[in-house]
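Residue numbers (my numbering): 236 to 806.
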Ligand SMILES: [Zn+2]
Ligand SMILES: [Zn+2]
């Protein structure tokens, strides 16, 4: 028995239970989803408190071992049968054919194709749980009525269910949306707008540390940094093809004087223009332009999610413009350097995908084959394990995607390396080759972290907010025991300042234990307590995050420990 069939059958049982407990409920749809199922329905004020009762009723139905009976009905009979179910009537109207199938289980009848379990007894009554209740627009359309969606999770065994629930609870504790607010990193404000994070001082420090690190790494690898505007004339996006092929992700034009401008969904056309600001020869290649480019893309409000799905975000973007024969070497570098950088952030496991030519594509077949083979060759040479996503390439070229795995084993799409046969043609990009002739270069788009927003969201979840010392916006809190120790605390602070360490002196009128508790909640890597003894002997008493009290030590020794830890970027 496929688990999806059990999950979907449970959605029927859920609806049957609600119908019994709340007669008059109007039903929408109830599909199986990843890990479980849901049913959309419209009923008088169902709340989370009702879920245990519904769950009980479902178990009762399962234990009664009720059969799922299939029947085919003519449209006219269907309309009669569902006369009190407006959403079902709407579905009947939209479905083709003269007959449709219905399934009956006990008193509940649903319009459905199946398949289901033969009888409810095939379902483990201890293998499922109703988890949440939420609002959902009918058919996901904001203009349609808001229904109530009841979610459940389901597995074949109780063990699997408990494992899943435990993992979920762990994920919940790591939710970057909650931690981001608690740790004062970023914030969403209704008046600013959905999907538009605003970065608080501490979050900005974190971003800047990441940017500075990448800046250094890429500069040493021959990248040149550029900056491009946030808007560009509609004409530019027509030339690039975005207007034609990517418009649904773009916002409406902005009128400036008599001309229309678009908020940029990508940085690429600007980098092409920078390339074209001069005549290029084979000696100039490869040219690598990097930018922390903020782009804006339309996302439906329903799919927005913290920092991982937003409407405005900053890509760690780069474009590599190279001669065709340089593709192999450049891709090798991209992957090697990419893994090194991801590892520094603490990610050591990946899922790698090579996406090949889709049905509709730009460029010549010859170039597609050549580039795809190069990407394959490089993956093989680096002895990487990858999967083929057949036909999953973008229309303009094959690509390699890397999903990083976090500490809970969840994959997150971050790195992408995409060969592009479209833009070089559309913008008529050329370089002078060794024979003195004009030739078309290859262009590779690449984002390593993906976007700073998304990556920081992933970082927060990976570390459950306890960021490694080199990334922590506040690295140390110095807690003087009494007011007479404040002077010494400031002296200690001066030493930190000289080393560019990020610290705070906690001289508020609060107890030491309260300040320590506060520091733990803020996930500060080191908390130092200074009192009489420390002051007299020029020492500090340190508490290390996750370890507790690590004892008294000379200030110089503590500084040594910290600077080493930062230097090696330990995590
Ligand atoms: Zn069904
Ligand atoms: Zn690009």
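For each residue, glycine too, the CB sits at the ideal point set by N, CA and C.
Count the other CB atoms within 10 Å of the CB of residue i; is the residue buried (16 or more) or exposed (fewer)?
i, result
"residue 778", "buried"
"residue 743", "exposed"
"residue 756", "exposed"
"residue 659", "buried"
"residue 427", "exposed"
"residue 221", "This structure cannot settle anything about residue 221, because the visible part of the chain is limited to 236 through 806."
"residue 641", "buried"
"residue 422", "exposed"
"residue 463", "buried"
"residue 676", "buried"
"residue 340", "buried"
"residue 280", "exposed"
"residue 573", "buried"
"residue 389", "buried"
"residue 767", "exposed"
"residue 551", "buried"
"residue 644", "exposed"
"residue 540", "exposed"
"residue 258", "exposed"
"residue 487", "exposed"
"residue 607", "buried"
"residue 727", "buried"
"residue 291", "exposed"
"residue 460", "exposed"
Thinking just about the alpha-carbon of each residue, which of the options is nearest to the one in residue i?
i, options, result
"residue 679", "657, 325, 626, 418", "657"
"residue 510", "479, 554, 474", "554"
"residue 786", "801, 763, 283, 322", "763"
"residue 328", "340, 310, 276", "310"
"residue 563", "652, 256, 460, 396", "652"
"residue 517", "556, 502, 243", "556"
"residue 513", "780, 664, 633, 331", "664"
"residue 271", "581, 244, 260", "244"
"residue 332", "348, 439, 724, 561", "348"
"residue 747", "257, 560, 765, 429", "765"
"residue 582", "569, 473, 638", "638"
"residue 351", "374, 315, 241", "241"
"residue 406", "623, 704, 692", "692"
"residue 297", "356, 260, 278, 254", "356"
"residue 504", "268, 282, 802, 662", "662"
"residue 669", "237, 474, 560", "560"
"residue 443", "424, 420, 459", "420"
"residue 732", "710, 717, 288", "710"
"residue 800", "749, 773, 736", "736"
"residue 715", "694, 702, 703, 739", "739"
"residue 293", "371, 361, 392", "361"
"residue 374", "263, 535, 734", "263"
Would you list the residues sitting across from residue i in a DSSP beta bridge?
i, result
"residue 589", "623, 635"
"residue 715", "765"
"residue 494", "491"
"residue 849", "The question about residue 849 has no answer here: the residues shown for the chain are numbered 236 through 806."
"residue 787", "776"
"residue 807", "Look at the range of the chain in this structure, 236 to 806, and you will see that residue 807 is not part of it."
"residue 313", "DSSP lists no partner for residue 313."
"residue 522", "556"
"residue 677", "557"
"residue 682", "552, 651"
"residue 516", "667"
"residue 261", "277"
"residue 705", "Its beta-bridge partners do not exist; DSSP assigns none."
"residue 267", "272"
Taking residue i and residue j to be in contact with their CB atoms under 8 Å, please state how far apart those CB atoms are, rounded to whole angstroms.
i, j, result
"residue 666", "residue 636", "At roughly 28 Å, the Cβ-Cβ gap does not stay under 8 Å, so residue 666 and residue 636 are not in contact."
"residue 477", "residue 500", "6 Å"
"residue 337", "residue 306", "5 Å"
"residue 689", "residue 542", "6 Å"
"residue 794", "residue 730", "6 Å"
"residue 520", "residue 495", "In fact, because the Cβ distance is near 34 Å, the residues do not count as touching under 8 Å."
"residue 616", "residue 567", "7 Å"
"residue 548", "residue 529", "7 Å"
"residue 385", "residue 249", "6 Å"
"residue 315", "residue 346", "Not really, about 13 Å apart at Cβ, beyond 8 Å."
State yes or no: is the beta carbon of residue i nearer than 9 Å to at least one beta carbon in chain C?
i, result
"residue 565", "The structure shown has no chain C; it contains just one protein chain."
#### Entry: Runs of beta strand (DSSP E) wholly within the segment 329-408 (minimum 3 residues, chain order)
Within the segment 329-408, the complete beta strand (DSSP E) segments of 3 residues or longer fall at 334-340, 343-346, 363-372, 381-389, listed in chain order.
### Task
Enumerate, from N- to C-terminal direction, the unbroken alpha helix (DSSP H) stretches of 4 or more residues contained entirely within the segment 446-490.
List check, alpha helix (DSSP H) in window: 469-475, 477-480.
### Query
Whole alpha helix (DSSP H) runs in the segment 271-299 with 4 or more residues, listed along the chain?
Note on the segment 271-299: whole alpha helix (DSSP H) runs with a minimum of 4 residues are 286-298, in chain order.
### Message
Give the list of continuous alpha helix (DSSP H) stretches no shorter than 4 residues that lie fully inside the segment 527-592.
### Response
If only complete runs of 4 or more residues are kept, the segment 527-592 shows the alpha helix (DSSP H) at 562-579, in order along the chain.
### Task
Only counting runs of 3 or more residues, tell me where the beta strand (DSSP E) segments fall wholly within the segment 711-755, in order along the chain.
DSSP runs (the beta strand (DSSP E)) wholly in the segment 711-755: 711-715, 738-740.
#### Entry: For review: beta carbons within less than 5 Å of any heavy atom in ligand 3
No copy of ligand 3 appears in this structure; the ligands present are ligand 1 and ligand 2.
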